[in-house]
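Read through the structure below, which is laid out as structure tokens, and then see the notes.
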Amino acid sequence: MIGTEMTQRLLDRNGLVFVGLLLAAAILVPLLALVAPAGSLLHMPPYVVALIGKYLCFALLALSLDLVWGYCGILSLGHGAFFALGGYAMGMYLMRQIGSRGVYANPDLPDFMVFLNWKSLPLTWWGFSSFPYAAVMALLAPGLLAFAFGWFAFRSRVTGVYLSIITQAMTYALQLAFFRNDMGFGGNNGLTDFKDILGFNVQAESTRLALFSLSALALIAGYLIARGIVTSKFGKVVIAIRDAESRTRFLGYRVETYKIVVFTVSAMMAGVAGALYVPQVGIINPGEFAPINSIEAVIWVSVGGRGTLAGAALGALLVNFAKTWFTDALPELWLFALGLLFIVVTVFMPKGILGLLDSMKPLRSPPVIASPTEAKQ
Amino acid sequence: MKKITHWRRHWSRALTIMLTLCCAGPAFADALDDAVAHFSADKFPQTQQAIDEIVASGAPTAPAILEALANNRLLFDPDEQKVYFSDENDNLYDLRTGEKATVESPDDLKKVRLNNAVRGTLQAAQGAMTLMAPDPAKRMASAREIFKSHEPLALPQIEAVLAAEKSPDVKAALSDARAAIIATTPDAPDASRLEAIDRLKARGDQDSQGMLAGIAASAQGQVKAAASAAAASVQARLALWSNVQNIFYGLSLGSVLLLAAIGLAITFGVMGVINMAHGEMVMLGAYTTFVTQQAIAAWRPGMADYSLLIAVPLAFIVTGAVGIAIERSIIRFLYGRPLETLLATFGLSLILQQAVRTLFGANNRQVSAPAFMAGSFDFGGLAITSGRLWIIVFALVVFILLQLVLRATSFGLRVRAVTQNRRMASSMGIDTNRIDALAFGLGSGIAGMAGVALSQIDNVSPNLGQSYIIDSFLVVVFGGVGNLWGTLVAALTLGIANKLLEPLIGAVLGKIAMLVFIILFIQKRPRGLFALKGRAVEA
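Sequence lines, in order, name chains A and B.
Every letter in the first sequence is one number past the one before it in numbering that gives the first Met the number 0, and letter 187, counting from 1, is 186.
Every letter in the second sequence is one number past the one before it in numbering that gives the first Met the number 0, and letter 500, counting from 1, is 499.
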């Protein structure tokens, strides 16, 4: 019964609910949209599908951040950079799919390159006409950056706030770099005006539904991978690093190796989230690198519950729903509400919403994984 | 040969002008008689002569006459040998008497024609007229103008007025102009050209460099060698000055960074609170300045020049009080959880931004500069803006005061004690809660004072603080957390390095280079330039 053991390891009670709900959404939403007539309650309007699809990508980003922050104690304030890099990889593929349908009708070059008077496709763009290549790049680009960054930072034992600040500097530097037209990624305007993905119209409802389901499935996959990591022996060491880094090192574990692996895997997950995000919102620009985006992702995680994985995803969904509702209904009050939310959550609910729910029923669900202890003084 | 005669003619013309200048006076009517005759001749050489005669006459109408000639409003009657000039409103004046004149048939009058040679003479003559203006500032401006154009035709006039000039500044400017003309005239004697080149080299600005380079390209022999040597030397000096200028800009940027970061060096560096609302404290300080100025403008308009001086302590009090309130209500629950203070204070920064936006609107607010901070002055080859200079001074004063507070007062002693070992300090009878609150208030108050200074160089808007928060953190981290000297060195280093990089690779790439540098630097020295040693490190 290895299968059941595996399932039990990967799915605790929260996880079962989480994965179950996502699976249901991934299957039912497109199905009902096909079956139920437009306008009925069961038929989700296309803009809602796009909206929730977007949130699911954010949830995956939050999940990836929770993996490094909640389980390894690395507070990355630059995870938005990995998200954006994945997004750019997908955006470049979508740009190449436009072909000669651009404003300048140039079959070889995207519009902005024609506009900048470039004669040939830069090396960085080679291969992006192929979807598999772009998909691999969406994983590799953030992964390599995270690996290189972690290689330097973790081996030099940069920790705590110093690490947070330099991850922020990293995403800020990337934002400035991508703003430059010379970089060849569309500069200030970024990449937009997409037409097709794998031959399907990105605007079409069916494509949107497919992307929605894919996002939900990607989130499930991300959750299972993250659970697989944190419940393994490897994960136990990672959690040990979070709780007592020096002690773990003295016990003979190579702390930096564990950190680099977790950080890289997490960055790749963020990259996938970005790659799924871009076709659903139809644009990617350097604003995605803005440090504030990465901080917001940290907020999602802490609202939902740091070190709970499902909680991080839940936090992303809830905060973004609240954001959408507030900015529509009470635009002036949104920042007040968001700000207050951060303060209340951090001061009164240090374990987030999921932590609060779990602490209400302590007897029925002994936590498999200890939630993060209070940070070392 | 033709050129040489041309050259000689100017010298002789200069001589006449010099002579007439010395004995100019009531006898100008005769000179004007000649001018009338020459203008009426309707020949270019005679017209040139007439222009010289007009200048030499010293007549009060001379500028108006030349102005009229330049604008094709100098008219003559070929039959009666009379010349008239009109003003912009077509009023006709007799050239000889300068009185208003009426002509029966204005259509019979002919215009005095111009060609390029005449125009050159005319321009030089007009320049010479201003060279003789009673106002030294005008003479100075004219001399500079001639220096820039180094028009050979102006030489005689320069020579003429140089001898009579009393003001040493104007005299120097005239000599420079003379040197510029002689050095760039190919047929001047080599000896005078070499002398002139020396003078240009001594002047050593961008214009001289251009002229010297031009001479080096066109001249031969000794002059060429001297000019290229001089051009190279001026070039080197200019490059040096431009570096010095960039260093000044860097100091200015560094002092802004220092101001923005120094409050954070207390709250983050000393107390370990990652205060994301720090930028908003700066912003509140800037808005305090705005409100102070409005209040003064409304009730005590006479004190407008002192508004900044009043705003500095006010901003300290306002933001210090806000800081203490924040510490008491939020941050004290989060000590020892640095990453969570980050989130809470980030939430706080959103609230403060939105509060200011609701109160004052989202638009930029106008904060005016007092008189003593406006304008700029030259220092050697530097252009120094007073406002920037004052900000450098202000940043250093704030830094020194803060050091004094921390090093020389009992409060500072307590702050340091609590920072180093909270429990031990508490055992020794220090009220750590009170010290925490006051230290946070101090850091916030300093951020507010920074806001007063930054209101002078940045837009006062709800987003003001956001643009400084990342830079501030980088400065503190680069300098080494918990070390004010580190903050000072880091701010100035980053500022100067940034401004020295900018001309080489552009502003954005320069900024990226700095960020990458800091990221790499932190790898090498994970605890900044000046790391704390001992047990505090692991705290």
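Note that beta-carbon positions come from the ideal geometry of N, C-alpha and C, so glycine has one too.
*Measure from the C-beta of P502 of chain B to each C-beta in chain A and report whether the shortest distance is under 8 angstroms.*
no
*Is P25 of chain B helix, strand or coil when you go by DSSP?*
Because the pLDDT at P25 of chain B is just 46, under 50, the model does not fix this residue reliably, and the value given afterwards should be weighed accordingly. Correct three-state label for P25 of chain B: coil.
*Give me whichever residues DSSP pairs with Y83 of chain B in a beta bridge.*
B:L74 and B:D93
*For Y252 of chain A, I'd like the list of residues in its chain whose CB is within less than 7 angstroms of its CB, leaving aside the five on either flank, ordered along the chain.*
V236
*Three-state secondary structure (DSSP) at S231 of chain A?*
coil
*asked:* So with CB distances below 7 angstroms, who are the chain A contacts of I273 of chain B?
replied: V160
*Can you list the residues of chain A that G346 of chain B reaches, using a CB-CB cut of under 9 angstroms?*
I298, L337, G338, L339, L340, F341, I342, V343, V344 and T345
_Please determine whether the Cβ atom of L120 of chain A lies at a distance below 7 angstroms from any heavy atom of the ligand FMN._
You won't find the ligand FMN in this model; it holds no ligand whatsoever.
*Under 8 angstroms from the C-beta of I165 of chain A: neighbouring residues of chain B*: V476, I517, I518 and I521
*Do you know how far the Cα of P155 of chain B is from the Cα of A142 of chain B?*
13 angstroms
*Does the Cβ-Cβ distance between I495 of chain B and G253 of chain B come in under 8 angstroms?*
yes
*Using a Cβ cut-off of 7 angstroms, pull out every chain B residue sitting near R156 of chain A, in sequence order please.*
P525
*Give the single residue among B:I329, B:Y286, B:E326 and B:G322 whose Cα lies nearest to the Cα of V311 of chain B.*
B:Y286
_Can you find the residues in the same chain that come closer than 6 angstroms, C-beta to C-beta, to F315 of chain B, ignoring five residues on each side of it along the sequence?_
G444, G447 and M448
*Drop a sphere of 10 angstroms on the beta-carbon of T266 of chain B, count the other beta-carbons inside from all chains shown, and report buried for 16 or more, exposed for fewer.*
buried
*asked:* Going by DSSP in three states, V459 of chain B sits in which element: helix, strand or coil?
replied: strand
*What is the DSSP secondary structure of D107 of chain A, counted as helix, strand or coil?*
coil
*Only counting runs of 4 or more residues, tell me where the alpha helix (DSSP H) segments fall wholly within the segment 120-208 of chain A, in order along the chain.*
130-154 and 159-178
*Run down chain B in chain order and give the residues with a C-beta less than 8 angstroms from the C-beta of Y171 of chain A.*
I469 and L514
*So what does DSSP say about K109 of chain B, is it helix, strand or coil?*
strand
*Might you give, ordered along the chain, the residues of its own chain that have their beta carbon closer than 7 angstroms to the beta carbon of L68 of chain B, omitting 5 neighbours on each side?*
V111 and L121
*Which residues bound the alpha helix (DSSP H) around T326 of chain A?*
A309 to A328
*In this structure, does DSSP put L20 of chain B in helix, strand or coil?*
At L20 of chain B the pLDDT is 46, less than 50, meaning the model places this residue with poor confidence; the figure from the coordinates comes in the next sentence. Here L20 of chain B sits in helix by DSSP.
*Could you round the C-beta distance between L162 of chain A and I298 of chain A to whole angstroms and report it? I think they count as a contact, below 8 angstroms.*
Contact doesn't hold; Cβ gap of about 18 angstroms is too wide.
*asked:* I want to verify the contact list: residues of chain B whose CB lies under 9 angstroms from the CB of I294 of chain A, in sequence order.
replied: M275, L341, L342 and F345
*Closest by CA to N180 of chain A, which one among A:R305, A:F262 and A:V113?*
A:V113
*Rounded straight-line distance, which links the Cα of F233 of chain A to that of L339 of chain A*: 37 angstroms
*Apart from the five residues on each side of it in sequence, which residues of its chain come closer than 6 angstroms, Cβ to Cβ, to I145 of chain B?*
G126, A153 and A176
_Quick check: what's the CA-CA separation for K350 of chain A versus A272 of chain A?_
24 angstroms
*Give a yes or no on contact between the segment 230-239 of chain B and the segment 200-218 of chain B, applying the rule of three or more CB pairs nearer than 8 angstroms.*
yes
*asked:* Is the separation between the beta-carbon of M275 of chain B and that of V355 of chain B shorter than 8 angstroms?
replied: no
*Using a Cβ cut-off of 7 angstroms, pull out every chain B residue sitting near P290 of chain A, in sequence order please.*
I469
*Cut-off 8 angstroms between Cβ atoms - residues of its own chain near S385 of chain B, not counting five sequence neighbours on either side*: F371, M372, A373, G374, S375 and F376
*Proximal residues of chain A, C-beta to C-beta of I429 of chain B below 8 angstroms*: Correct list: empty, because the minimum Cβ distance to chain A is about 18 angstroms.
*Roughly how many whole angstroms lie between the Cα atoms of G440 of chain B and G271 of chain B?*
14 angstroms
*Helix, strand or coil for S375 of chain B per DSSP?*
strand
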